[in-house]
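*Asks:* Sharing a structure here in structure tokens format.
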Amino acid sequence: MAQTQYQIIAETIDHLVAHYDEQPRLEVLAARAGYETTHFQKLFKDHVGISPKRLVQYMNMRRAQELLESGSSALDAAYETGLSSTSRLHDLFVSCIGMTPGEVKGRGHGLSVTYGFHPSPLGRLMIARTPRGVCWLAFVVDEDESLPIARMKAHWPLAAFTRDDGGIAELAEAILQIWRGQGDETKKLGLDLYGTNFQLQVWQALLKIPGGETVTYSDIAQKVGRPKAARAIGNAVGANPVSLLIPCHRVIRASGIIDNYAWGSPRKKLILGMESNISCT
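For the sequence shown, the numbering used here gives the first residue as 7, with consecutive numbering after it.
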């Protein structure tokens, strides 16, 4: 079956993430996708909203440092004024539902989870949901579907899992619309989360980070009233089961170094780069 243009661009994004340190040239990316260079650049920009070269520029550390310098004040504003705009889109369009203590103790017993894979401008997504909401969102790394599946099943070893790529497609597009700042505030997307009270508190704080900004672990520690618990904050951020929607990628080191991402630091740079572009348009 021939690949759609969307799938081709998604695979190009995955390749760019995997080989970020090599700074792939446009000609190489075009040849790999089977397109003439000029046509491929237009195709990429039409789907992603930015050229490959510009995207790589947005992924570099200098841009991350600039975002970090403005991120703390933006987070303060989100808390203090209840910022209501597309820049704080996750908090506006997403509601969190914590699993009950009994459900947590049951390790997924009696829980029905449907999951599937979907191409996106950020690479292939793996999304899972229960009848109450999205419970898992991950990225495919190195074209290996087994890793995100294994991590998901480790959370709920006794749950019943059903794969349905087609059935997850509409949900995937709704998630991407929220990420782009084009969600419908009247139709909040539920998240069915499995975590400790502290983790849930941290994840709620992450939802308030405006798009196009980054903050430090210490910033989050201050906001949840645990100013000396930066390490514990880091662990809670890393335990986030719903990547992208709960924007743990917007938390970086105070030095501006971008790492500590379950799906690889290049993927984190990619997402931040694309969010920078969205916030500037």
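Every residue gets a Cβ at the ideal spot worked out from N, C-alpha and C, and that includes glycine.
Just so you know, these numbers come straight off a predicted model, no measurement behind them.
How many Å lie between alanine 227 and alanine 268 at the Cα?
*Replies:* C-alpha separation (whole angstroms): 20 Å.
*Asks:* If I'm right that serine 126 touches alanine 236 with Cβ under 8 Å, what's the distance once you round it to whole angstroms?
*Replies:* The Cβ separation is near 31 Å, so there is no contact.
*Asks:* By the three-class DSSP mapping on this structure, what secondary structure does isoleucine 103 have?
*Replies:* Strand.
*Asks:* Is the stretch 125-141 in contact with the stretch 174-185, if contact means three or more CB pairs nearer than 8 Å?
*Replies:* Touching, per the Cβ criterion.
*Asks:* Go ahead and label arginine 138 buried or exposed: buried means 16 or more other beta carbons lie within 10 angstroms of its beta carbon, across all protein chains shown.
*Replies:* Per the 10 Å Cβ criterion, exposed.
*Asks:* For the alpha helix (DSSP H) holding histidine 45, just list the boundary residues, first then last.
*Replies:* 43-54 is the span of the alpha helix (DSSP H), which, as asked, contains histidine 45.
*Asks:* Which class does glycine 112 belong to by DSSP, given the choice of helix, strand or coil?
*Replies:* It is coil, neither helix nor strand.
*Asks:* Could you tell me whether the stretch 147-157 touches the stretch 197-207, using the rule of 3 or more Cβ pairs below 8 Å?
*Replies:* Verdict: no, contact absent.
*Asks:* Since histidine 124 is in the beta strand (DSSP E), which residue starts that stretch and which ends it?
*Replies:* Histidine 124 -> beta strand (DSSP E) spans 118-124.
*Asks:* So, for lysine 159: in the same chain, excluding its five sequence neighbours on each side, which residues have a beta-carbon less than 7 Å away from its beta-carbon?
*Replies:* Only Phe167 meet the Cβ criterion.
*Asks:* Please state if the CB of glycine 122 and the CB of aspartate 198 are separated by a distance shorter than 8 Å.
*Replies:* Their beta carbons are not under 8 Å apart, which means aspartate 198 does not touch glycine 122 by this criterion.
*Asks:* How should leucine 95 be labelled, buried or exposed, when 16 other C-beta atoms within 10 angstroms of its C-beta is the threshold for buried?
*Replies:* Its pLDDT being 40, under 50, leucine 95 is placed unreliably in this model, and the value from its coordinates should be taken loosely. Buried, by the Cβ-count rule.
*Asks:* Relative to the ligand HEM, is the shortest distance from any of its heavy atoms to the C-beta of tryptophan 162 smaller than 7 Å?
*Replies:* Because no ligand of any kind appears in the structure shown, any question about the ligand HEM cannot be addressed here.
*Asks:* Is the Cβ-Cβ distance between glycine 112 and leucine 164 less than 8 Å?
*Replies:* In contact: glycine 112 and leucine 164 (Cβ atoms closer than 8 Å).
*Asks:* Could you please give the first and the last residue of the uninterrupted alpha helix (DSSP H) stretch that includes valine 140?
*Replies:* Unbroken run through valine 140 is the beta strand (DSSP E), 139-145; no alpha helix (DSSP H).
*Asks:* When the Cα atoms are used, what is the spatial distance from threonine 136 to leucine 276?
*Replies:* For threonine 136 and leucine 276, the distance between alpha carbons rounds to 29 Å.
*Asks:* Who are phenylalanine 167's beta bridge partners in DSSP?
*Replies:* Paired residues: Val119.
*Asks:* Express the C-alpha separation of valine 147 and serine 249 in angstroms, rounding to a whole number.
*Replies:* Looking at the two C-alpha atoms, the distance is approximately 14 Å.
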